Amino acid sequence: MAAPGAAEQRWLREAQDFARRALPGPDGQEPAALEAVLRCLRSAGSGALPLGYSFISISDLQHQQRIPCCSHLTWSTNEFREWAHQGQGALPTQTTLPRTYLILVGCITDGRQENKEKLVDGCLYVKDNTGIIPCELLHFELEWLESLFLFPSWSYIPQTNQSAAGYLEILEDPVPVNVPKKVLHSIPATYPTSAEPLLTSRIPCRKRSKLTVAGELVRLGPLLCVRHKTFFFLFLKCFTSAVCVPVLVQEPSQLAWHHVLQLGHRYTITGLSISSLKKSGQKTFVTGVPSCLLPYCAEHVREQPLNSTWQGESTQSSSLETAEQLSGSLELGFEEERPRSTKESKIISYVGVVTKILNVQAGLFLLDNQVCLCLAYLPVLKSARGLRPGACVELIDVHLLQKPLVSFPFIVLGACLSSTVVLKRFSRLSTPYQPPTSSGNLCLQLLFRYHLGMPLYLWLVSLLETFEERFSCFFGRRRLLSCTHQNPGAAEKFLVPLLQAMVPDREKARDIYNEILAKVHHCPLQKYLTLDPPCQAPSLSAVCHVAQQKSWEGFSPSQLLSPLEAQHMGTQDLNRRLVWSYCTLSAGSFQPRLILLGVLRVSSRSSLLQLQDKSSTLPCVISQKDGSPFANTALIGSLLQVENYQLVVERFLQTDFPSWEHLENLEHVREKKTSVYVQFYFEDVQVLHAAEGQLQKGLRSENSSSLRKKKDDNVTPELEAPEAKVLKLEDPKSDTHRDENCQGGQSSTGTTSCVSHLFLVTQKEGLMLRNYQLPREEDGEGQELQRSFQATVLWLGRPQLWSHPREIGNLPELEDTSCDGEEGVTQQEALLLFMGKSLRWFPFLHQDGLYRFIVPCCSDLEVFDKLCFPPVPATFLTRPSCPLCLPVQDTWHLQHETWISCLPERQLATRMVLTGMDQRIFSIPEVLSSSFTGSLVSFSGEIVERTLCASPKNEKPSTTVRLPRQKGNLLASDHSVKLSVSVAPGSPVVVDIYITATYLQHLWGLLPGAKILFQNLERKISRFHNVYCTYIACSCVSIISLPASHLLFPSSPAGEASSPSLVFLSNLRPHLQNLPRARILCHLSCVLTVYLQWVCSLCSSIFKEGRCTRHNPPCPSHTGVRQASARVLVEDGTGEAVVLCRNEHVAAMLGLSLLEWEALQNCVQSRGSMSIQHGEATGTGCLEEPEDLVACYLRSLCRSPLICRPILLDFSLDRKPSKILQPAPLQLRNFRCAEVEFVSQVGPRLSLLCLNVEEVEQDALRYLNSERIRRTSSYC
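Residues 612 to 1887 (this note's numbering) make up the sequence shown, in order.
Below, the structure written as structure tokens:
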């Protein structure tokens, strides 16, 4: 170990090096300055030098120190521990400042530079020869300016952004290296009582007269900076009365007074003059260049009465430039008050500890974990230095606002221009410094622009905080929150319309003169009204969570079924009907109204459009109001705002209800799942931030998305942001010598050139698992099926070479196409295979659309030909025109150009382009026609009803059905969905479409009321000659329009149709099996059969005397379900029909009341079943039960003439009749209705299904009969 003398010598050499490099002062005087510093160190250390400490310059401190630290030159270890322990009282979880052993020496300055006028902001700095750094002091004297000091106790607080410098907190008074000069204080002065009349007097006085005023400081205004001018107001009060006068300090050399002045202390200010403010007419004392601030000393100050010189002088008429500019630029305002519910804020003083920085940009700090301090209305030029967690502040004359915002959890203390904020103690915790931005602060700009009161401002801040948190990871905070007039940022585009709706008219400008100078206080914080936010924009994860909660609120399985229908269902049918339901929510379904915000993305894994923020993703279905499919690829990556939407919650239940009587017992619900998505129109979208053309950036970085570089687990790498920027066309001849392999997405030339090819989509198939085996892959056997889709396209023109981004105004490929179709390349057909990441193009690719493939970093015009291969080996090709297969590469970009129907006539001169577009869109009546012969059909229609059913037993499941349930598919593979589709709302023409659950995970938006374009469905005919369609592997759907809002019911599987139309039986034909519902006025001729039974809810065997009758194997069920059916004969004078009635309709046909029907069912329960046959030939219908009282009653009821009566019957054609009717000739028959007899030609009896039965009153019967007679006679 070195001897102490050697250590001290080494320390002194380092001190000398520091003095030469850093100590401020004239050149050559560094030794004298160092000797003075050493003398101060010996004095502080009881004669010994602090060899354990080392000198540090300002520059080294700023560049080397990255974490907060403190240095205490004279403290012992125990003293430091005690000091640190006391600082952790309010925030025990925070760590204290680490101690460093550094010596800081420098001059205190106000930032002015010699021989150069500089913007002085009123802040203090510590400087040496290496640099300058801002500092904060709890106590300051004017004599300290430009003097050299040793700082025995200080803290250094770097910024959270380590690229910027921090500031110093001077914990103890600095030690002067040189003794400061003493200033004489004996001067004559005038007191405020005598000076105050000068501000109200109209007597003119001479210029250049100066006045000295002495008084007690009662109020100290904040430092204000407007248009590069900084100033502040102070108020001096008379010692013996309450009279006070204002003084405006605006000279740069006097702004440091703000650090010296302390409330309650007495001061003397010299060289004051009077200035009149033009706009307000108020007068105030103003300091001049020779003015001085002196501490008041009674022994050296004598009162000077006003002499005659003040009575003959003229008042200064020129107003202060700073004050006028302040009024013009800082036109603050406040919210319009409502007298009936307006609250009055209280003005209080408060001392508290900063426990959290809520939002430094908005000027919000949390004190004592319970009070919010708002400094937004009080400009803080010191950039909130010192207001760190753990610091103690004193608030004087601040406004207390209780519950200004319903959703804000804290009481608010708002500081206005008459308030004073004093830093009483620095924080002792290692918390970083977060400076607010002085320019581009969107919160403050909107506050001043729209004159917001405290409630609206707090709501604005909460919206902005959520907005920034959700989307700054996508676009960066600066671009997101930019607030330039020429190019407003996304946040401003989102917030401004909301504020304009809340504050439609600008309030009167904030009068800062009255706020600061008036005797009666008035400011924007004086009155307020509790605000209930009109809207909200939560994160997408919160949206999904709230939507799921709302979908289950008050939900009961019984809501999904009609009670009359549910009580006749068995266990299997009952639970199947509960498996799938949906609930729709709009913006108004939430309180407050919910606005959706998200970045439009498309998942290459699920091929779904999604809105995304930092928290989650929300699948979306986008349509266009003109009926064309959504194909705007340029919108990917844009930030969207949607206020008119339909939030759909698909509910999936797994239940084991024994019967309908147990539906209210939720213990039988084994599992609940939901799937949430949103659907909206493109026209209802507002683009807050358009996706920039980053194609060239993507080329240089090998198409690496910025999102993939994020470490946030919530951002999945599957979400792509393909770019759709068009490039400038180059001459392909100049690059014909290049032969790059563009499959890898790189070019050997290092340019950003790319190749594009225009094509027309003629057919698109659905997304599903396929056994694609590309020829380049080795050992294709044993590979799993790949999710993929394919599209048949027609290439248009030749590939083009592009560079330099610009928009294309036309389609050169179509312009170059010859009219006679001589160019074979324009007729070439190809089969595009989409797999992997290229699946992201599935939602955008639609038939009849013109698209362009862009191959980045490529200049090989033959890139498309090189990647093509035949669909089968060449030796098996029988068709020379078989299209080649082209696997779409992951790095390719797709751009939608236009629709074939939107092209101008001059670009359709060659009709050769349309060859191959032979797929026709049929109408539903054409598809249902018996003369239709096609097997694959395409048509559009509106979904009338959506029903979940079991897969048909005669349908062989496809390969994908045999696979286990795939991820994202919440329905079992043994389920199918039946969609009843009509031409238009209320149309009687309906076709059924069956879709297996395997395909449903890729089909969204199939809701009642939605208009859908179905393509390539397989048309089938049942054994009952019913036409229906099935969704197969080559099928595809496109949503043309969304359901109307009034058609969407939370628990209804389908929208209710309008009242059925009145028809005649003679107008019906047996082959019209597509009539969903109609009505006839008919006469019930007789009851043919009645069958009543109780069946087991589990196995459907006869249920008798409270148990199932099945014995082998025995059935464990103890629940029975009653069922009833009847066949009745009706006629309406034009024909006859056999009507099949079930369950409650049987009671209506028999004319039984509810009590009579219940009693009859209870009698049947002890027997198990009962059948009555009447009016049919022997051997047909149901077998009659043995004679008993119930059977006799039922038989006599069926034979009663009271049964034969006129009724209104709602029906549908029986699509599965017991007998398939064959065509037969018409026959003449007589019919009687009441006293009128008819003769009519009738055909064979039709089979109808009863949907509803209504009794007909006499007045209605007369009217309907007269109408029937009139219509019948008109046909004769």
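Ideal Cβ positions, reconstructed from N, Cα and C, are used throughout, including at glycine. Please read these numbers as outputs of a predicted model, since none were measured by experiment.
Integer-rounded CB distance, given that residue j should sit under 8 Å from residue i
| i | j | result |
| --- | --- | --- |
| S1215 | G1447 | 7 Å |
| I798 | T881 | 7 Å |
| L1456 | K1589 | About 28 Å; that fails the 8 Å criterion. |
| P1240 | S1649 | 5 Å |
| E747 | G997 | 5 Å |
Extent of the continuous beta strand (DSSP E) to which residue i belongs
| i | result |
| --- | --- |
| S1652 | 1647-1652 |
| K1284 | 1280-1292 |
| H1010 | 1003-1012 |
| M1446 | 1440-1446 |
| M1379 | 1379-1381 |
| W1191 | 1191-1196 |
| N689 | Taken as a continuous stretch (DSSP letters only), N689 belongs to no beta strand (DSSP E), being part of the alpha helix (DSSP H) at 688-698. |
| K1631 | 1622-1632 |
| D1821 | 1817-1824 |
Residue i versus the options, residue with shortest Cα-Cα distance
| i | options | result |
| --- | --- | --- |
| F1082 | L1211, Q1159, C1054, Q1137 | L1211 |
| T823 | N789, Y907, A1153 | Y907 |
| Y1462 | Q627, H1504, C1560 | H1504 |
| L1258 | W1705, Y1288, A1759 | Y1288 |
| F1021 | V1280, L969, D1184, L1444 | L969 |
| P808 | P857, G1238, P769 | P857 |
| T771 | D784, R999, I719, T804 | R999 |
| G1779 | I958, S1711, L684 | S1711 |
| S956 | H1132, K1715, Q1784 | H1132 |
| E1103 | N1052, E1282, Q1734, S1823 | N1052 |
| R1738 | D671, D1825, A1689, L1819 | D1825 |
| R624 | P635, G636, L649 | L649 |
Contacts around residue i, its chain only, beta-carbon distance under 6 Å, and the 5 residues preceding and following it disregarded
| i | result |
| --- | --- |
| P1568 | Residue placement at P1568 cannot be trusted, given a pLDDT of 45 that sits under 50; the coordinates are not used to answer. |
| N980 | T966 |
| A630 | E641, L645 |
| A1177 | W1271 |
| A1335 | For A1335, the predicted structure reports a pLDDT of 36, less than 50, and the residue's modelled location is therefore unreliable. The matter cannot be settled from this model. |
Sequence-distant residues of the same chain with beta carbon closer than 8 Å to residue i, five excluded per side
| i | result |
| --- | --- |
| S1546 | E1629, R1630 |
| G939 | Unreliable placement is indicated for G939, whose pLDDT of 37 sits below 50; the coordinate value is still reported in the next sentence. Within the same chain, G939 has no close Cβ partners at all. |
| P763 | A655, H683, L684, T685, E783, P785, V786 |
| R632 | S668, N740, T741 |
Neighbourhood of residue i by C-beta distance below 7 Å, restricted to the same chain and skipping five residues each side
| i | result |
| --- | --- |
| K1321 | Reliability fails at K1321, whose pLDDT of 38 lies under 50, so the model's placement of it is uncertain and the value that follows must be treated cautiously. Cβ within range, chain order: C1084. |
| R1088 | E1079 |
| A973 | A987, C1054, V1072 |
| S952 | L1140 |
| E1076 | N970 |
| W622 | L660, L662 |
| S1315 | Residue confidence for S1315 is low, a pLDDT of 33 falling below 50, so the modelled location carries little weight; the figure read from the coordinates is stated next. Same-chain partners within the cutoff: there are none. |
N- and C-terminal bounds of the alpha helix (DSSP H) containing residue i
| i | result |
| --- | --- |
| D1603 | No alpha helix (DSSP H) holds D1603; the beta strand (DSSP E) holding it covers 1601-1607. |
| Q1888 | Outside the shown range of the chain (612 to 1887) lies residue 1888, about which nothing can therefore be said. |
| R1721 | Premise fails: R1721 is in no alpha helix (DSSP H) and is neither H nor E. |
| V1538 | 1535-1539 |
| N1773 | 1765-1778 |
CB contact flag (residue i, residue j, <8 Å)
| i | j | result |
| --- | --- | --- |
| I1606 | Y1642 | yes |
| L735 | H839 | no |
| P1467 | T1502 | yes |
| L1692 | V1867 | yes |
| V1864 | L1813 | no |
| A1748 | L1860 | no |
| S1364 | F1464 | no |
| H1613 | N1243 | no |
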